[in-house]
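To keep things clear, I will list the structure first and then write my remarks on it.
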Amino acid sequence: MQYAVLCYNEESVTEAWSRDENDRVMRDLAAVEKKYAEAGRLGPVARLMPTTAATTVRKSAGESFVIDGPFAETKEQFLGFFIVEADTLEGAIAFAKELAVANPGTGAYEIRPLRLFKPGGGPK
Numbered sequence: 024m025q026y027a028v029l030c031y032n033e034e035s036v037t038e039a040w041s042r043d044e045n046d047r048v049m050r051d052l053a054a055v056e057k058k059y060a061e062a063g064r065l066g067p068v069a070r071l072m073p074t075t076a077a078t079t080v081r082k083s084a085g086e087s088f089v090i091d092g093p094f095a096e097t098k099e100q101f102l103g104f105f106i107v108e109a110d111t112l113e114g115a116i117a118f119a120k121e122l123a124v125a126n127p128g129t130g131a132y133e134i135r136p137l138r139l140f141k142p143g144g145g146p147k
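Using the numbering used here, you'd call the opening residue of the sequence shown number 24 and step up by one each time.
Written out as structure tokens, the structure reads:
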């Protein structure tokens, strides 16, 4: 069974790291990643860009609308994710709107650009 491990921290903390601090954290993470990658137990690794880069398609009363930010209601839980290739943000929004149509009830689809990393290494 595979698991998605979603990492949370305060953006104000991680975005304030100096270049040296960020590099140290990435080296430490790479060491952990390497261990699991060598054991064949690590899949794709992605770091979400800050919430300031997020876009949400919210569905309410059968209508979808787009808002800036990750503004999910606290009664909602993170259920999973899709990785979609799109040439533009508008392409990703169109995909999210299709998901909104396919799913019953209300909900939200947060869209964030990804920073992809090679297992045990730096950015791709």
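Think of the CB as a built atom: it goes at the ideal place given N, C-alpha and C, for glycine as much as any other residue. No experiment lies behind these values; they were computed from the predicted model shown.
Exercise for review: Report the three-state DSSP secondary structure of M24 (helix, strand or coil).
Suggested key: Residue placement at M24 is poorly supported in this model, since its pLDDT is 47, which falls under 50; the coordinates are not used for a value here.
**Study point:** For T79, the first and last residue of its enclosing beta strand (DSSP E)
**Key:** Segment 78 to 83, the beta strand (DSSP E) holding T79.
Check your understanding: By Cβ distance, which residues of its chain are closer than 6 Å to A109, with the 5 residues on each side in sequence left out?
Key -> Short of 6 Å from the beta carbon of A109, and not among the five residues preceding or following it, lie these beta carbons of its own chain, in chain order: A115.
**Study point:** Span separating the alpha-carbon of E34 from that of L139
**Key:** 18 Å
Check your understanding: On the three-state DSSP scale, how would you describe I134?
Key -> Of the three classes helix, strand and coil, the one that applies to I134 here is strand, per DSSP.
Exercise for review: Ignore the nearest five residues each way along the sequence and tell me which others in T74's own chain have a CB closer than 7 Å to its CB.
Suggested key: Take T74, set aside five residues on each side of it, and the residues of its chain with a beta-carbon closer than 7 Å to its own are E34, G92, P93, in chain order.
**Study point:** Of the residues G85, G143, V48, R42, the one placed nearest A131, counting alpha carbons only
**Key:** G85
Exercise for review: Would you decide whether V48 is buried or exposed? Buried here means 16 or more other CB atoms lie within 10 Å of its CB.
Suggested key: exposed
Exercise for review: Tell me whether the beta-carbon of A77 lies closer than 8 Å to the beta-carbon of I134.
Suggested key: With respect to the 8 Å criterion, A77 and I134 are classified as neighbours on the basis of their beta carbons.
Exercise for review: Report buried or exposed for A119, applying the criterion of at least 16 other Cβ atoms within 10 angstroms of its Cβ.
Suggested key: A119 should be labelled buried.
Review point. If you count every other CB in all the chains shown that lies within 10 Å of the CB of T152, and 16 or more means buried, which is it?
Key: In the structure displayed, the chain extends from 24 to 147; residue 152 sits before or after that span and is not available.
Practice item. Determine the DSSP secondary structure at R70, reduced to helix, strand or coil. Key: strand
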